[in-house]
Amino acid sequence: MVEKSLKLNKSEEILNAALELFTAKGFDGTAVPLIAEKANVAAGTIYRYFASKEELVNSLFQRWQESLYDKIKSDFPTNGNPREQFHCIWQSMAEFQRENPLAFDFLEMQYNLPHLDKKSIEKRALLLKFLARFAHNNRNVFRNLPPDALIAIVWGAFVGLVKGSRNGKIKLDSAFLKESEELMWIAICLPS
Numbered sequence: 001m002v003e004k005s006l007k008l009n010k011s012e013e014i015l016n017a018a019l020e021l022f023t024a025k026g027f028d029g030t031a032v033p034l035i036a037e038k039a040n041v042a043a044g045t046i047y048r049y050f051a052s053k054e055e056l057v058n059s060l061f062q063r064w065q066e067s068l069y070d071k072i073k074s075d076f077p078t079n080g081n082p083r084e085q086f087h088c089i090w091q092s093m094a095e096f097q098r099e100n101p102l103a104f105d106f107l108e109m110q111y112n113l114p115h116l117d118k119k120s121i122e123k124r125a126l127l128l129k130f131l132a133r134f135a136h137n138n139r140n141v142f143r144n145l146p147p148d149a150l151i152a153i154v155w156g157a158f159v160g161l162v163k164g165s166r167n168g169k170i171k172l173d174s175a176f177l178k179e180s181e182e183l184m185w186i187a188i189c190l191p192s
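In terms of UniProt numbering, the sequence shown is residues 1 to 192.
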């Protein structure tokens, strides 16, 4: 039992170190020995848990992509009106980013990179399908754009705000997030 607990701890230490390094240095800039050093394990230990650096980055991606999806979906008011549903999506993205800033940055860096495997792409597709279904189901409310375009507009704006907050000129407090949510709602909705 203690040995299993130690294995889980080592695995978590490796994943945490990898998250920090992949986010700071990117996939190509992060060598396995650097992850091992950060996790306080021997480089060979990493290969007891992950067959390759690619498997490690995919494990991280799947974990955090699923976490983001679960966050958005679990709070989603299925029977709410489109405005309430959009509010939930925006707030869930903000909460996820606030609670997991490294994971948020990591996910954003990994989209569309060639080392993502089939399972990672499927995890990402779950969230995109959920958001596309929301956009499609409310097409009478939104501007006449493909669901993927609406998703890109909202997601891109949110990511831009997060990046802008890093220089200290934007403060992502609740008042600012509420105002920016309202602006995004106006941007994607048909004019009244």
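Ideal Cβ positions, reconstructed from N, Cα and C, are used throughout, including at glycine. Small disclaimer: the values here were computed from a predicted structure and weren't measured.
- Rounded C-beta distance between Asp75 and Cys88? I'm assuming under 8 Å. Here Asp75 really is in contact with Cys88; their C-beta atoms are around 5 Å apart, less than 8 Å.
| Between the CA atoms of Gly29 and Phe22 - distance to the nearest angstrom | 8 Å
Assuming Ser52 and Leu15 make a contact with CB atoms under 8 Å, what is their CB distance in whole Å? The Cβ separation is near 15 Å, so there is no contact.
* **Distance, Leu107 Cα to Gly164 Cα** => Going from the Cα of Gly164 to the Cα of Leu107 covers about 17 Å.
Query raised in the report: Can you tell me whether Glu181 is buried or exposed, with buried defined as 16 or more other CB within 10 angstroms of its CB?
Result: Glu181 counts as buried, since no fewer than 16 other beta carbons sit within 10 angstroms of its beta carbon.
#### Entry: Same chain, Cβ closer than 6 Å to Met93, neighbours up to 5 away in sequence not counted
Phe158
Distance between beta carbons of Glu84 and Pro77, contact taken as under 8 Å
5 Å
Quiz item: Among Ala17, Leu177 and Lys25, which one has its Cα closest to the Cα of Arg98?
Solution: Leu177
| message | For a test of the three-state rule: what should DSSP assign to Phe134, helix, strand or coil? | response | helix
Please determine, among Val162, Phe86 and Gln110, the residue with the shortest C-alpha to C-alpha distance to Leu150.
Phe86
Checklist entry - DSSP on Phe76, reduced to helix/strand/coil? => result coil
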